[in-house]
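Numbering-wise (this note's numbering), the sequence shown opens with residue -14 and increments by one.
Here's the structure, in C-alpha cells; my notes come after.
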Amino acid sequence: MCMASDNTQRMISLLGAMRKQMNGAVANTMRYYGADYGLNYGVSLPTIRSIAQAEERNHQLALYLYKQQVRELRLAALHIADPTLLTPDSLDVWAEGIINSEVAEEMAFALLRYADSLPKIFAEWASSDNELLAYAALRSAAATAFGREVEVVAQTIEAVDRFHSSRIIAQAAVAVLAAAYEHNPEARHAVEQAISGLNDSLSASYVKEEMAWRMELVQ
-14 MCMASDNTQR MISLLGAMRK QMNGAVANTM RYYGADYGLN YGVSLPTIRS
36 IAQAEERNHQ LALYLYKQQV RELRLAALHI ADPTLLTPDS LDVWAEGIIN
86 SEVAEEMAFA LLRYADSLPK IFAEWASSDN ELLAYAALRS AAATAFGREV
136 EVVAQTIEAV DRFHSSRIIA QAAVAVLAAA YEHNPEARHA VEQAISGLND
186 SLSASYVKEE MAWRMELVQ
C-alpha cells in the first residue's frame, strides 16, 4: 500500500474514533481566539489526546492530518508528529495551521516543548508580528527549562510591548516570567527590571498586576 493511501486509511480510522466521541453542543459553545475550523465535532481535548497518543509517532501522517480542515484531526496531528523532526526549516506548514489560540496552545503543549530546536523556533516566532505564533512560542517556553533563561525574559517583554492589547500574549508572558522568577534565581533581577520598565498598555498592566502577587509568593 502506498504512503498516501495508508495515510488516508489511518485518517479515516482516526476520524471514526473521534466521531464516536462527538458532542455538537460542546462544539457550538467553544471559545477561542482566531478562526473557526472547517469541521468541529466537539470532542474534548483529553479524549483527542488519548486517541492520538495511541498512535505511533509518524511525522508524515501528522502532516497529512494537520492539513485537514477538521479540528480533531489537526489537534491529534500535534501528538503524532515527531518533535525531533521539527526544525526551523520545516516551520512554514506548522505555522500556517495555527489558525486560533487552541491550536497554538496544543502546538506548545504537544510538540514545541519537546523539540530540540525550540530555542531557534522561539527566537523566530516570539519576534513574529503574528500574534498566534508569538503566543505558541511563549506557551512552549513557559513549559520548559529553556524558558527560564534571562534572554527569554527579554524576548517575552518585547512581545508584550509589541502586542500591547493582547490578553493571550499577556497571559502567556505571565506564565514565562513567573516560571523564570520562581525557578531561576539568576533571572529574578531581570524579571523585576523588565516589569518595572513596562508601560501602561492593556497587556503590560495585566502582566504587572499578575506578577506583583506571584513575586510576593516566591519571596
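Note that beta-carbon positions come from the ideal geometry of N, C-alpha and C, so glycine has one too.
With respect to the alpha helix (DSSP H) encompassing R98, which residues constitute its N-terminal and C-terminal limits? Where R98 is concerned, there is no enclosing alpha helix (DSSP H), given that its DSSP letter is neither H nor E.
How many angstroms separate the CA atom of Q(-6) from the CA atom of Q45? 13 Å
Can you give the Cα-Cα distance for L63 and T72, rounded to whole angstroms? 14 Å
On the three-pair Cβ rule with 8 Å, is the stretch 19 to 27 touching the stretch 90 to 103? no
Rounded to a whole number of angstroms, what is the C-alpha to C-alpha distance between E201 and A165? 14 Å
Compute the distance between the beta-carbons of V192 and V145, then report whether it is under 9 Å. yes
Below 7 Å CB to CB, which residues in the same chain sit around E57 once its five sequence neighbours on both sides are set aside? M3, Y26, V28 and I33
According to DSSP, what are the bridge partners of L24? V55
Using the rule of at least 16 other Cβ atoms within 10 Å of the residue's Cβ for burial, across every protein chain shown, is I(-3) buried or exposed? exposed
Roughly how many angstroms separate the alpha carbons of R173 and L183, rounded to a whole number? 16 Å
DSSP state of N169, grouped into three classes? coil
Identify whether G19 lies in helix, strand or coil by the three-state DSSP scheme. strand
Would you kindly work out how many angstroms separate the C-alpha atoms of G19 and L0, rounded to a whole number? 23 Å
Just curious, the alpha helix (DSSP H) that F107 is in, first and last residue? L103 to A111
The stretch 100 to 119 / the stretch 73 to 85 touching (three or more Cβ pairs under 8 Å): yes
For R124, the first and last residue of its enclosing alpha helix (DSSP H): E116 to A127
What did DSSP end up calling N(-8) once you bin it into helix, strand or coil? helix
For the candidate residues E171, A12, W198 and Y17, whose alpha-carbon lies nearest to that of E90? Y17
Alpha carbons only, please: which of A61, A(-11) and V161 is nearest the one belonging to E134? V161
Taking the alpha-carbon positions, what's the Q6 to K105 distance? 37 Å
Quick one: what does DSSP say N43 is sitting in, helix, strand or coil? coil
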